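Residue numbers (this note's numbering), protein chains in the order written: chain A, 405 to 614; chain B, 40 to 896.
Glycine included, C-beta positions come from ideal geometry on N, C-alpha and C.
Small disclaimer: the values here were computed from a predicted structure and weren't measured.
Here is the structure we will look at, set down as structure tokens.
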């Protein structure tokens with residue numbers, strides 16, 4: 405069942421483990437030096453497509469296995485509780501990004517209405533406040549939640565400095581890009597499928613909106 | 040105000056509570072402005088003045104807002120709201136709670152959140168719950184109120200409150216957890232007394248407004264640091280779930296723009312962010328929907344704008360919580376409203392036209408899939424990112440990148456939204472998903488990357504392993520073409536063409552009114568009969584530029600090549616007569632499409648190199664040699680336009696004869712186009728005189744052959760600075776001028792367009808040398824001055840000379856205004872810009888009129 409590459413994973417050094425997890429959580433690498441991805445490609449864990457490096461199926465399986473914490477553990481219970489607190493905020497964050505990109509009637513936000521944009525920025529501040537206690541409780545993640553705190557702060561700072569693509573652009577480590585990575589890590593850590601995730605988010609959102 | 044007088048004796052403060060408490064509707068009578076009443080107080084005053092039903096409530100003006108933190112004033116406010124609503128707090132059968140909100144003198148972001156559950160105690164909660172019949176929402180709202188009061192009025196540390204909230208996901212338990220956190224950490228417990236709660240709520244709202252976060256927000260919005268806020272105390276009249284609720288409505292349908300109240304209605308206690316998809320349509324309001332409709336109509340007529348209202352329903356009766364003009368109404372709604380108001384005489388037509396900018400006209404005519412009725416709709420999903428696209432479906436990022444690398448347009452069908460899909464989305468022209476809504480990660484990424492997207496297409500199942508997508512009972516394979524529209528959510532099988540939309544009916548009406556107001560004519564640049572038909576349908580008054588180059592390219596290239604490279608006169612004449620035949624058919628189709636409108640036909644203007652064979656591809660060595668001799672270092676400034684015609688003397692006569700013969704044929708069917716024959720790239724009056732002689736000769740030849748004297752005007756394009764400077768001399772030979780502003784701009788600046796656009800313009804704009812590309816916006820100081828001078832000189836020689844512009848500038852609103860002010864007769868632009876130009880020309884005329892009447896006064 406498992407490919408040779410994955411079978412070898414246990415023997416891989418820590419750098420390669422870290423790299424494969426990073427590549428899977430990001431979905432792609434762009435503009436990295438070849439020395440970064442060559443070992444992954446050689447191990448059958450990455451493929452080069454034009455300017456991008458993508459993870460292979462074995463890489464995804466490996467990352468899922470590396471990140472998954474033991475089922476039924478006390479750690480899993482704690483992270484599950486934080487994940488459930490994350491989900492309603494996750495919905496709000498996507499709505500904030502949507503509001504930044506589109507007006508409520510669905511037309512493109514041309515950013516000529518400063519009051520509207522400032523209102524979206526306020527909602528983003530609400531999200532940023534609401535995610536803090538969740539991230540504090542996620543310090544039990546295998547890799548810690550510290551870098552998410554740092555990366556989200558960094559994106560927010562750049563956004564406030566006028567580089568507005570740092571909210572939702574997929575081409576940089578924008579607030580949404582970092583957030584999506586956090587979301588993906590939670591799913592892999594807890595072994596939850598996207599379908600389960602969507603259903604649970606829907607349920608929690610409907611239960612908890614005030 | 041007897042109710043407040045009762046307390047005045049008990050208060051030792053220097054203010055008089057009756058002045059600090061202003062019931063909705065009484066602000067203006069008391070001489071208070073928006074600075075005191077806030078936007079909400081002003082809006083409620085207006086609703087009362089219009090006789091519309093409002094929720095009972097009062098405003099504490101910004102100047103005395105802090106007084107509400109005093110329990111005495113809070114008690115007076117509470118009793119006044121009780122009196123206004125006819126209910127009492129604590130009444131078990133008809134309960135009342137209070138809602139505290141804030142507003143500033145203008146619309147601002149970052150106001151403190153509303154506190155919607157004031158005046159409730161753990162002891163009455165069960166009673167209130169029983170009246171409503173459901174519990175969760177009440178506790179949600181109550182918990183949010185307690186949370187904010189605890190943090191901002193009772194100084195409980197935020198992390199303690201966060202922990203209490205996170206540990207109690209159930210709303211009812213959360214209220215208890217928050218109340219006990221307050222008991223543990225605050226100097227005093229959360230009060231049961233409603234007036235004390237209101238005073239603390241006021242303290243919390245003002246505290247939040249003074250917090251570092253709110254100050255940062257004001258700074259970012261460039262608002263004064265000390266900007267005041269008015270406080271508003273509103274009655275929340277609790278009623279049974281079945282007959283009570285709240286909602287939001289707008290006056291117009293966002294897609295059609297018609298008056299048709301749209302919105303949703305939620306049952307239960309009012310929340311600032313009700314759960315999505317729990318709203319019910321307005322029809323569920325039953326009898327009170329008529330009053331809602333009346334309110335929206337009254338407000339539209341009063342505000343002359345599409346409006347939005349928040350409303351409350353209590354025991355089946357509706358009252359308004361807020362109302363305002365929509366800050367950015369959907370364009371279609373704005374256009375429809377302008378047409379409706381003018382149709383009813385509430386607005387004059389000029390004002391209606393002025394309300395819609397040329398840019399908005401362009402926005403309404405966005406590119407979309409061209410539907411003929413025969414296409415197969417695969418599925419309709421949610422419109423997640425606007426734009427139309429067509430491409431081959433792919434199921435993975437890997438495949439998307441592979442195909443896109445070959446230049447294939449692909450549509451990524453994303454099964455789930457994971458980071459792994461992002462590279463595929465970046466490579467695709469559009470994104471389609473089967474799950475998730477318009478706020479899914481996929482939709483956010485697609486919009487962030489500027490890709491059209493349709494999300495949540497129901498019944499879509501992608502099977503990556505099999506390489507298939509199942510939509511309902513249809514199965515598509517990876518690589519099959521689909522077309523989708525991210526504005527409508529429609530997904531079609533196959534490759535549809537994408538084109539600019541025609542104007543919706545109400546815009547057509549406004550454009551017709553605009554036509555009555557403008558002086559400047561609007562024509563289109565159109566080369567073929569099909570293009571002419573499109574332009575005419577979009578309101579073009581004629582054709583301002585028909586380029587004849589295309590008549591020589593494609594399968595006719597060998598013919599013109601033979602003309603230019605002919606070894607002898609016989610070979611050349613044979614090729615010419617074949618060309619004339621072909622052109623005759625082209626011109627007939629074109630003139631038929633033009634009808635009785637004017638049409639300016641420009642004789643051949645292509646640079647010579649377009650007709651020469653590539654090196655090594657000539658038919659024989661002799662031809663190769665002749666071609667080599669003709670190759671130029673700078674073809675755009677070489678043997679081109681009239682210069683080529685003067686060297687190949689049969690070229691223009693042959694073209695003109697084909698054109699005149701076609702006119703005679705078309706005239707025989709009863710159609711009489713106003714023919715204008717234009718000579719390109721003239722810089723010497725002698726060139727024009729010589730070319731004019733060819734055209735006159737051709738007309739005489741056709742008259743001799745057919746017996747028809749073809750009526751036509753002869754003119755020239757002004758595209759070199761020298762032609763502009765010698766406009767007076769040229770006007771002696773020309774009955775019209777058309778300013779070719781693309782070339783005139785290149786030659787005036789000495790800019791080679793492609794080169795400077797690539798390397799120079801961006802840096803010039805960054806440095807502030809140029810505010811816009813001179814190729815997009817006519818340069819009024821240099822190129823514009825040349826045009827002005829040419830206009831003046833030409834008119835001094837020939838006062839009735841017809842003058843127009845046929846560059847891309849003919850579709851740019853600012854350039855159009857410039858041409859209008861110069862008194863040109865028309866502008867000519869590409870067909871899809873015609874509606875924009877019509878509106879821009881009308882705006883320019885109306886503006887000039889207003890300026891004149893302004894200076895006369």
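Within the same chain, 144 come within 6 Å of residue 74 (chain B) by CB-CB distance, once the 5 residues on both sides are set aside. Distance between residue 498 (chain B) and residue 521 (chain B), taken at the CA atoms: about 16 Å. In this model, residue 607 (chain B) and residue 439 (chain B) are separated by some 56 Å (Cα to Cα). Taking 8 Å as the cut-off between beta carbons, the residues of the stretch 507 to 520 of chain A near chain B are 507, 509, 510, 511, 512, 517, 518, 519 and 520, in sequence order. The CB of residue 431 (chain A) comes closer than 8 Å to the CB of 436, 457, 458, 459, 460, 461 and 462 in chain B, given here in chain order. Secondary structure in the stretch 236 to 301 of chain B: the beta strand (DSSP E) runs of 3 residues or longer, each lying completely within the stretch, are 269 to 276 and 284 to 291 in chain order. Counting other Cβ atoms within 10 Å of its Cβ, residue 519 (chain A) stays below 16 and is therefore classed as exposed. At least one C-beta of chain B is nearer than 8 Å to the C-beta of residue 580 (chain A). Rounded to whole angstroms, the separation of the alpha carbons of residue 523 (chain B) and residue 568 (chain A) is 28 Å. Across the set B:365, B:465 and B:371, the C-alpha of B:365 shows the shortest separation from the C-alpha of residue 288 (chain B).
Only 485, 486, 488 and 489 from the stretch 478 to 492 of chain A bring a Cβ to less than 9 Å from some Cβ of chain B.
Chain order gives the chain B residues near residue 573 (chain A) as 487, where near means a beta carbon separation below 7 Å.
With contacts defined by Cβ atoms closer than 8 Å, residue 423 (chain B) and residue 308 (chain B) do not form a contacting pair. Residues of chain A whose Cβ lies closer than 7 Å to the Cβ of residue 474 (chain B) are, in chain order, 602.
As DSSP reads the structure, residue 537 (chain B) sits in a beta bridge with B:408.
Taking a 10 Å sphere around the C-beta of residue 157 (chain B), we find 16 or more other C-beta atoms and assign the residue as buried. Here residue 516 (chain B) is not near residue 473 (chain B), since their CB atoms are 8 Å or more apart.
Per the DSSP secondary-structure output, residue 506 (chain A) pairs in a beta bridge with A:512. Shown in chain order are the members of the stretch 248 to 281 of chain B whose Cβ falls below 7 Å from a Cβ of chain A: 252, 256, 259 and 260. Excluding five sequence positions before and after residue 679 (chain B), the CB atoms of its chain that fall closer than 6 Å to its own CB belong to 646 and 720, given in chain order.
By the neighbour-count criterion, in which 16 or more other beta carbons inside 10 Å mark a residue as buried, residue 247 (chain B) falls on the buried side. Note on residue 258 (chain B): under 16 other CB atoms within 10 angstroms of its CB, so exposed under the neighbour-count rule. Pairwise C-beta distances place the stretch 271 to 278 of chain B in contact with the stretch 130 to 150 of chain B, as three or more of them are shorter than 8 Å. By the neighbour-count definition (other C-beta atoms within 10 Å, threshold 16), residue 491 (chain B) is a buried residue.
In this structure, the straight-line span from the alpha carbon of residue 87 (chain B) to that of residue 428 (chain A) is close to 60 Å. Under the 8 Å criterion on CB atoms, residue 167 (chain B) is classed as non-interfacial with respect to chain A. Between residue 561 (chain B) and residue 866 (chain B) the beta-carbon gap is near 6 Å, inside 8 Å, which marks them as a contact.
Bounds of the beta strand (DSSP E) holding residue 430 (chain B) are 427 to 433. Between residue 617 (chain B) and residue 598 (chain B), the C-beta spacing is below 8 Å. The C-beta of residue 573 (chain A) has 16 or more other C-beta atoms within 10 Å across all chains shown, which makes the residue buried. Checking the DSSP bridge columns, you'll see residue 419 (chain B) partnered with B:529.
When DSSP states are grouped into helix, strand and coil, residue 219 (chain B) belongs to the helix group. Contact residues of the stretch 437 to 452 of chain B toward chain A are 437, 440, 441 and 444 (C-beta to C-beta distance below 7 Å).
Residue-level contact by beta carbon fails for residue 394 (chain B) and chain A, as no gap is shorter than 8 Å. DSSP, read as helix, strand or coil, puts residue 350 (chain B) in strand. Separation of the CB atoms of residue 531 (chain B) and residue 643 (chain B) is rounded to 41 Å, and the pair is thereby denied contact status at 8 Å.
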